[in-house]
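First the structure, in the form of structure tokens, and then the observations on it.
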Amino acid sequence: MIRCEAPGAGRSEVHEFVRSPVRIGRDATMELPLDRRFVSRHHGTLHFDGRGGWYRDEGSANGSVVAGRRLAPRERVSFTSELEITIGGLRLSVVSAAPAPETEHTALVDVDPSHAVLRRLRPHYERLQGAARSWREAAESALASVPVEQRSATRALVAAEFPELAERDREAPTRPPIPAAEEPPIGSDRQAVGRLAEALLTTTPIPSSAVEIERFIARVEAIVREFAQGYGDIVSGQREFAVELGIDTPLADRPAERSAALLDQWLDWRVVPEPDGELQLEAVAIHEAATLAALVESARSILEGLSPRQLRARAGRRWWLGPWGPWRAYVDEHASLSNTRAALVEQLLGPAFRRAYEARRRSLEGGS
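Using this note's numbering, you'd call the opening residue of the sequence shown number 1 and step up by one each time.
Here it is as structure tokens:
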């Protein structure tokens, strides 16, 4: 049993597993998925039995803390009955017990009794849904062998012979009717997933079974969601960048949107998107290139201020120092840069940076 707690959030979940290993991570394919940004895709692995077990950190970015000590990457720690693991803001309390023999299903149970009922019923519901899909696919496959002019009568005969299944089909939500001439082939949903996989995968095998397809869809969903979150962070970062420095960035005027709203916008199948019209990745690239060019120009300006030519010019105004004039000019210039962080930031991201950024951005936008 694994109790997952988020201190301060007031919520606790209990996860019961009857088989190990149990992979823990942010990826949806993990046995214990934890959808938190500080959790790595495959954060750690838990192996247990009735006598205890061990936990291993799989080289995660933010690490795993056990008994107040952060584990080294790939380090394994054993336990006999209980183990407490801290991952970022989550605390996992592991209790090893003899596995229940009556089922092989991995259950997820909330502390709330109402959610516990839903968790217990979900496996049965999923099996029922799977059987219903299998029935519909078999029925459509069988009806496909019947001449078109006889299909209506055959459907009526099937409904009379299997009334309960026919009633379920009538209650299930249906798609808008498709003209007979455009009726999709049997298994078109599976074929559509196959076409998507073929378009995206190069060396990975195309998923074929129902389990493989479900895993593939889960992977695509996880990656798209993470990309939407990252893209939203990029837009927010450009907006903050523009406000702090008083400059115009390519995406500064784009409204702030949550990742869910971005997904609704990007995946609206009713709209034909313009090339790069939704993501504006070219604008993101322009901002990064202009920032790098402006930083180089700012660094060059700082180095120019420390050049022998500039030091001699400033030393000339202090003729009474004689040969020590350039050295004194260097000390003063160095002090002006290093005395405070604000002074260095102003030199690095000051007027020279802003001028170089604007010039480079306009140049890149004009050439795109």
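The beta carbon of each residue, even a glycine, is placed where N, CA and C say it ideally should be.
Every value quoted in this text rests on a predicted model; they were computed, and no experiment measured them.
In angstroms, rounded to a whole number, what distance separates the CA positions of residue i and residue j?
{"i": "residue 306", "j": "residue 296", "result": "16 Å"}
{"i": "residue 135", "j": "residue 365", "result": "56 Å"}
{"i": "residue 57", "j": "residue 14", "result": "21 Å"}
{"i": "residue 62", "j": "residue 87", "result": "8 Å"}
{"i": "residue 249", "j": "residue 21", "result": "48 Å"}
{"i": "residue 361", "j": "residue 238", "result": "13 Å"}
{"i": "residue 209", "j": "residue 31", "result": "20 Å"}
{"i": "residue 336", "j": "residue 289", "result": "29 Å"}
{"i": "residue 283", "j": "residue 234", "result": "11 Å"}
{"i": "residue 124", "j": "residue 291", "result": "55 Å"}
{"i": "residue 99", "j": "residue 151", "result": "Caution is warranted here: a pLDDT of 45 is assigned to residue 99, below 50, making its placement in the model unreliable, and the coordinate value is therefore given only provisionally. One C-alpha to the other measures close to 51 Å."}
{"i": "residue 59", "j": "residue 144", "result": "52 Å"}
{"i": "residue 302", "j": "residue 72", "result": "41 Å"}
{"i": "residue 312", "j": "residue 329", "result": "8 Å"}
{"i": "residue 236", "j": "residue 214", "result": "33 Å"}
{"i": "residue 218", "j": "residue 29", "result": "7 Å"}
{"i": "residue 204", "j": "residue 2", "result": "33 Å"}
{"i": "residue 146", "j": "residue 154", "result": "8 Å"}
{"i": "residue 294", "j": "residue 344", "result": "15 Å"}
{"i": "residue 127", "j": "residue 120", "result": "12 Å"}
{"i": "residue 351", "j": "residue 299", "result": "12 Å"}
{"i": "residue 138", "j": "residue 158", "result": "12 Å"}
{"i": "residue 310", "j": "residue 357", "result": "25 Å"}
{"i": "residue 201", "j": "residue 193", "result": "12 Å"}
{"i": "residue 332", "j": "residue 347", "result": "15 Å"}
{"i": "residue 131", "j": "residue 163", "result": "16 Å"}
{"i": "residue 269", "j": "residue 25", "result": "31 Å"}
{"i": "residue 216", "j": "residue 285", "result": "30 Å"}
{"i": "residue 160", "j": "residue 129", "result": "22 Å"}
{"i": "residue 304", "j": "residue 334", "result": "12 Å"}
{"i": "residue 53", "j": "residue 5", "result": "21 Å"}
{"i": "residue 156", "j": "residue 141", "result": "16 Å"}
{"i": "residue 51", "j": "residue 198", "result": "46 Å"}
{"i": "residue 355", "j": "residue 308", "result": "25 Å"}
{"i": "residue 70", "j": "residue 55", "result": "13 Å"}
{"i": "residue 339", "j": "residue 327", "result": "18 Å"}
Check residue i in the structure and name its three-state DSSP category.
{"i": "residue 42", "result": "coil"}
{"i": "residue 286", "result": "helix"}
{"i": "residue 162", "result": "coil"}
{"i": "residue 33", "result": "strand"}
{"i": "residue 271", "result": "coil"}
{"i": "residue 136", "result": "helix"}
{"i": "residue 26", "result": "coil"}
{"i": "residue 70", "result": "strand"}
{"i": "residue 206", "result": "coil"}
{"i": "residue 249", "result": "coil"}
{"i": "residue 237", "result": "helix"}
{"i": "residue 123", "result": "helix"}
{"i": "residue 306", "result": "coil"}
{"i": "residue 154", "result": "helix"}
{"i": "residue 146", "result": "coil"}
{"i": "residue 194", "result": "helix"}
{"i": "residue 349", "result": "coil"}
{"i": "residue 59", "result": "coil"}
{"i": "residue 21", "result": "coil"}
{"i": "residue 201", "result": "coil"}
{"i": "residue 181", "result": "Since pLDDT at residue 181 reaches only 39, below the 50 mark, its modelled position is unreliable, and no value is offered."}
Taking DSSP's pairing of strands, which residues face residue i in a bridge?
{"i": "residue 79", "result": "53"}
{"i": "residue 86", "result": "65 and 91"}
{"i": "residue 2", "result": "15 and 94"}
{"i": "residue 227", "result": "Its beta-bridge partners do not exist; DSSP assigns none."}
{"i": "residue 47", "result": "54"}
Comparing C-alpha positions only, which one of the options sits nearest to residue i?
{"i": "residue 281", "options": "304, 328, 313 and 228", "result": "228"}
{"i": "residue 95", "options": "84, 88 and 26", "result": "84"}
{"i": "residue 17", "options": "271, 323 and 49", "result": "49"}
{"i": "residue 265", "options": "68, 239 and 224", "result": "224"}
{"i": "residue 245", "options": "23, 92, 353 and 73", "result": "353"}
{"i": "residue 221", "options": "201, 330 and 263", "result": "263"}
{"i": "residue 372", "options": "92, 46 and 52", "result": "The structure shown does not extend to residue 372, since the chain is modelled only from 1 through 368, so no value can be given for it."}
{"i": "residue 191", "options": "201, 23 and 206", "result": "206"}
{"i": "residue 241", "options": "326, 163, 349 and 137", "result": "349"}
{"i": "residue 89", "options": "75, 74 and 65", "result": "65"}
{"i": "residue 359", "options": "334, 309 and 247", "result": "247"}
{"i": "residue 231", "options": "212, 216, 54 and 260", "result": "260"}
{"i": "residue 287", "options": "27, 363 and 4", "result": "363"}
{"i": "residue 19", "options": "47, 198 and 271", "result": "47"}
*Is there contact here, the stretch 70-86 with the stretch 29-37, by at least three beta-carbon pairs under 8 Å?*
no
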